[in-house]
Amino acid sequence: MPGPVPRATFALRAVLVSVLAGGALTACASDEEQLRYSTDYAGHEPLGVVGYPTSESLRITQKLVWRLADGKAEEVEALAADPDDAKGDVERTARNWIRAFHEGAKGKATAEFYDEGSVRQLVVVYFHDTGQTKSFVVRLTGSTGEDGWRVTMREPDPKEASAAPDWVPRTPGGLGSKTTR
């Protein structure tokens, strides 16, 4: 019959249990996020792509178009690069974008990714059913990019938020995914 468990062994076991439990929770969160992404992907019109997005700049752009299509302002706000710095601007921008692009985002859309995208990328989305275009910047956030990719949302003026960029071609790919401004 074994004797009492030494304190060091007991402490080591406690640490291992907490690490394993934390890993399981992280895996669950990752699984939930992947399930949500898969469900969103299946439940929305496919996003056409022109240019050279990174996997993460594409993912955040898809999420933005899906959230605009869903019409959920809080979920659009959650994608913002600076949600705390400009809370009022982000809230108004999200509402403006939904008001302006909700119908277009429910249909066929193409995102064109301009220039190199290692830390930021300019994106223009063409909403084919409504003939609208929307430009925005996606970028890594946090001091070393640890917060992931987010969308810059600082267009609290409805006219600015819904204005078509004057420099983009009428169809995706017209500039070869290089900015000329």
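Going letter by letter, the sequence shown gives residues -29 to -1, 1 to 152 in mature numbering (1 follows the signal peptide of the UniProt record, and there is no 0). C-beta: ideal position from N, C-alpha, C; glycine also.
Report the CB separation of residue i from residue j in whole angstroms; it is logged as a contact under 8 angstroms.
i    : j   : result
F107 : F72 : Not confirmed; about 11 angstroms, so no contact.
S26  : E83 : No, S26 and E83 are not in contact; Cβ-Cβ is about 17 angstroms, not under 8 angstroms.
E16  : G88 : Their Cβ separation, rounded to whole angstroms, is 23 angstroms, which puts E16 and G88 out of contact at 8 angstroms.
Can you name, in chain order, every residue of its own chain whose Cβ lies under 7 angstroms from the Cβ of residue i, other than the five neighbours on each side?
i   : result
T64 : M124, R125, E126, P127, A132
L50 : I31, K34, L35, R38, R121, V122
Looking at residue i and the ligand MG, is the gap between the Cβ and the nearest heavy atom below 8 angstroms?
i   : result
F98 : Ligands displayed in this structure: none; no statement on the ligand MG is therefore possible.
One question on the structure: do residue i and residue j come within less than 9 angstroms of each other, judged by their Cβ atoms?
i   : j    : result
T32 : V109 : yes
A76 : V122 : no
E62 : D100 : no
I69 : V94  : no
May I have the straight-line CA-CA distance separating residue i from residue j, to the nearest angstrom?
i    : j    : result
L6   : G119 : 19 angstroms
T112 : A52  : 6 angstroms
A134 : Q103 : 9 angstroms
K43  : A13  : 18 angstroms
L29  : V90  : 13 angstroms
V96  : Y85  : 11 angstroms
D137 : N67  : 19 angstroms
A80  : R38  : 13 angstroms
R8   : D41  : According to the sequence displayed, residue 8 carries Tyr and not Arg. For Y8 and D41, the distance between alpha carbons rounds to 14 angstroms.
E117 : K130 : 33 angstroms
E45  : E4   : 17 angstroms
So, for residue i: in the same chain, excluding its five sequence neighbours on each side, which residues have a beta-carbon less than 6 angstroms away from its beta-carbon?
i    : result
D2   : none
V139 : V95, T104
With a CB to CB cut of under 8 angstroms and the five nearest residues on each side skipped, what residues in its chain are close to residue i?
i   : result
Q92 : P24, T25, S28, F84, Y85, D86, V108, V109, R110
D60 : M124, R125, E126, P127
Under 9 angstroms between C-beta atoms, does residue i make it to chain B?
i   : result
G75 : This model lacks chain B altogether, as it is built from one protein chain only.
message = Taking 8 angstroms as the cut-off, does the region 12 to 28 touch the region 140 to 148 (at least 3 CB pairs, one atom from each stretch)?
response = yes
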